[in-house]
Each structure stands twice: as C-alpha cells, then as structure tokens.
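Student: Attaching a single structure in structure tokens format; questions to follow.
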Amino acid sequence: MHLSNLHTHSVFCDGKETIEHMAQRAYEMGLVSLGFSGHGPQTINLFGMRGETKYAAEVRRVAKLYEGRMKIWLGIEQDYFGYRTIPYDYRLGTVHYLDGRDGVVHSVDHSEESFERLLREGFSGDALAMAKNYYTREVEMCKRIRPDVIAHYDLICKFNEGGRFFDEDDPAYQALALEALEACCDGTRLLEVNTGAIARGRRTRPYPALRQLKRWRELGGRVTFGSDCHDAEKLICGLDAALEVMRAAGFRSIWRLGEGDELFVEEAL
Numbered sequence: 024m025h026l027s028n029l030h031t032h033s034v035f036c037d038g039k040e041t042i043e044h045m046a047q048r049a050y051e052m053g054l055v056s057l058g059f060s061g062h063g064p065q066t067i068n069l070f071g072m073r074g075e076t077k078y079a080a081e082v083r084r085v086a087k088l089y090e091g092r093m094k095i096w097l098g099i100e101q102d103y104f105g106y107r108t109i110p111y112d113y114r115l116g117t118v119h120y121l122d123g124r125d126g127v128v129h130s131v132d133h134s135e136e137s138f139e140r141l142l143r144e145g146f147s148g149d150a151l152a153m154a155k156n157y158y159t160r161e162v163e164m165c166k167r168i169r170p171d172v173i174a175h176y177d178l179i180c181k182f183n184e185g186g187r188f189f190d191e192d193d194p195a196y197q198a199l200a201l202e203a204l205e206a207c208c209d210g211t212r213l214l215e216v217n218t219g220a221i222a223r224g225r226r227t228r229p230y231p232a233l234r235q236l237k238r239w240r241e242l243g244g245r246v247t248f249g250s251d252c253h254d255a256e257k258l259i260c261g262l263d264a265a266l267e268v269m270r271a272a273g274f275r276s277i278w279r280l281g282e283g284d285e286l287f288v289e290e291a292l
C-alpha cells in the first residue's frame with residue numbers, strides 16, 4: 024500500500040518541525056503524498072495559525088522542491104471556532120473546545136487536567152451532558168464548514184483510556200455519538216482514522232471507536248488515515264493499528280491524498 028498522511032502540523036501552529044524538514048522525513052520514509060493541515064486562525068485565538076499567508080507560501084515552495092517525487096498538498100485544520108482567509112486544497116473539520124455551563128470555553132484535548140476541569144466545572148461532572156454538547160457541536164461544525172474530512176471524531180475520548188472519566192460503552196453515550204455521526208455523514212463522506220493519541224502515549228487505539236466506524240461504513244462513508252503529526256519521526260505512527268480497525272469495521276479500501284492531479288484516490292486495504 025502507498026504511504027500517505029493528510030494530518031500534519033508545523034512550527035506555523037503547534038508542531039515541532041519546519042515544513043521543509045517534515046517533507047524531507049516524509050520523502051525518506053517513502054510517502055507518495057503528504058498534506059499539511061495547520062490549525063487555522065480561530066475567533067478564540069487558541070493554538071491558531073501564526074501567519075496564514077506565509078504558511079501557504081511555504082507549503083507551496085516546498086511542494087515545488089518535491090515536484091515529481093512526492094506530491095504535497097496545502098490543507099487546513101478548521102475548528103468549529105475557526106475560519107480561513109485564503110483557499111486551500113482541502114480542509115479537516117474538527118471540534119476542540121466546548122462552552123461550559125460555567126461560561127468558560129474549555130479545551131477538550133489540551134491536557135488531562137484541563138479535561139477533568141471541563142467535566143467538573145463546565146458540566147458539573149455530567150459526562151453525558153458534556154458528550155451531548157460535544158457531538159451537537161460536531162454536527163454544527165460539519166453543516167457550517169462542510170469539510171472535506173472529519174478529523175478525530177470522538178476526541179473527547181483522548182484521556183479516557185480504560186473508562187477513566189466516563190463509560191464509552193454506555194448505550195446513552197453511544198446513541199449520542201452514532202446519531203451525530205449519521206447527521207455528519209449527510210454533508211461529508213470522508214472520516215479520518217486518527218492515531219494522534221497513540222503517538223502521544225495517551226491511547227492504544229485510534230479514533231474513532233470501532234462501533235462508530237462500522238456505522239460509518241453502513242452509511243456509505245469512506246475512511247482515510249491521519250497521524251495528527253506534530254513530530255516528523257511519527258509521521259506514520261499507528262498506521263498498522265489504523266488499518267486493522269478499518270478492516271475490522273468492514274472497509275475494503277482506504278482513501279488517501281493523490282500523487283497526481285486528483286485530491287483523493289482509493290486504494291485497496
């Protein structure tokens with residue numbers, strides 16, 4: 024299978040590497056295509072991109088360096104609170120923040136401590152209320168942004184390995200996640216299997232959960248791989264786990280960034 028990754032971050036947002044270094048390592052690892060998806064600017068100004076125009080220019084410059092060897096695409100990770108001022112080849116749609124009942128905008132994935140504060144202070148310890156807020160926002164994001172790809176769909180599970188904060192198998196929780204997924208599929212057909220939490224040592228499995236992936240397949244949705252890479256050495260971290268869960272969900276093909284003129288191409292699993 025050809026290697027590709029559409030979810031990467033550089034020093035233009037919260038990544039560790041320059042765009043040129045990330046591209047160099049991707050080429051050395053054998054990727055046929057690579058997408059940069061910096062966090063776009065946001066109205067709440069948390070971890071947003073620094074210099075959107077400069078970011079795009081640098082991606083285009085590096086893309087020319089690898090022309091004919093590895094295709095590089097210009098993308099953006101656009102949050103619910105995000106916006107864009109220039110055109111992109113593709114957009115990842117995400118939700119990172121929730122408005123708590125305490126009137127504070129809380130991060131979903133910044134740290135275990137901040138997530139615990141979100142649950143305790145933002146939702147008085149009511150995990151189902153938090154989940155309902157999160158998945159409602161996912162649907163709103165998809166309908167408003169119409170992203171090319173839905174990224175890390177169940178991000179609220181990042182710090183929940185082993186059910187630390189809530190029961191992911193609770194039928195009430197699953198109903199929220201699956202109903203929202205159906206609504207999201209109405210506008211976006213490509214769902215990312217994201218291994219970012221594996222790379223950070225937070226989880227042993229990718230997002231989203233197997234049950235959600237199975238439902239996505241039943242809805243006629245497609246899947247792609249993204250490592251949510253902030254460190255060039257982890258460009259394809261968790262790929263085997265991602266492919267395994269895709270196959271377990273019944274998918275027979277994966278969609279990835281193309282190496283020619285087509286943005287996305289299908290490849291057998």
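Residue numbers (this note's numbering): 24 to 292. We treat Cβ as the ideally placed atom computed from N, Cα and C, and that holds for glycine. Since this is a predicted model, take the numbers as computed values, not measurements.
1) Roughly how far, in whole angstroms, is the beta-carbon of Val85 from the beta-carbon of Glu51, given that I think they are within contact range, below 8 Å?
2) How far does the alpha helix (DSSP H) with Arg160 in it reach, from first residue to last?
3) With Glu100 as the anchor, note down where its beta strand (DSSP E) starts and where it stops.
4) Does DSSP put His25 in a helix, in a strand, or in coil?
5) Where do the ends of the beta strand (DSSP E) carrying Gly116 lie?
6) Residues in its own chain within less than 7 Å of Ala255 by CB, not counting five upstream and five downstream?
7) Report buried or exposed for Leu88, applying the criterion of at least 16 other Cβ atoms within 10 angstroms of its Cβ.
8) Taking only three categories from DSSP, how would you classify His62?
9) In whole angstroms, what is the alpha-carbon distance linking Lys257 and Phe35?
10) Would you call the CB atoms of Thr211 and Cys260 closer than 8 Å?
11) Using only the heavy atoms of the ligand FMN, determine whether one of them is closer than 7 Å to the beta carbon of Tyr120.
12) Please report the distance separating the alpha-carbon of Ser137 from that of Asp112.
Tutor: Walking through what the data contain:
1) The pair is not a contact, with the Cβ atoms about 14 Å apart (cut-off 8 Å).
2) Per DSSP, Arg160 belongs to the alpha helix (DSSP H) from 150 to 168.
3) 94 to 102
4) coil
5) Residues 113 to 117.
6) Glu40, His44, Met45, Arg48
7) exposed
8) strand
9) Approximately 18 Å, taken between the alpha carbons.
10) No; because the gap between Cβ atoms is not below 8 Å, this pair is not in contact.
11) Annotation note on the ligand FMN: not contained in the displayed structure, which lists no ligands.
12) 33 Å
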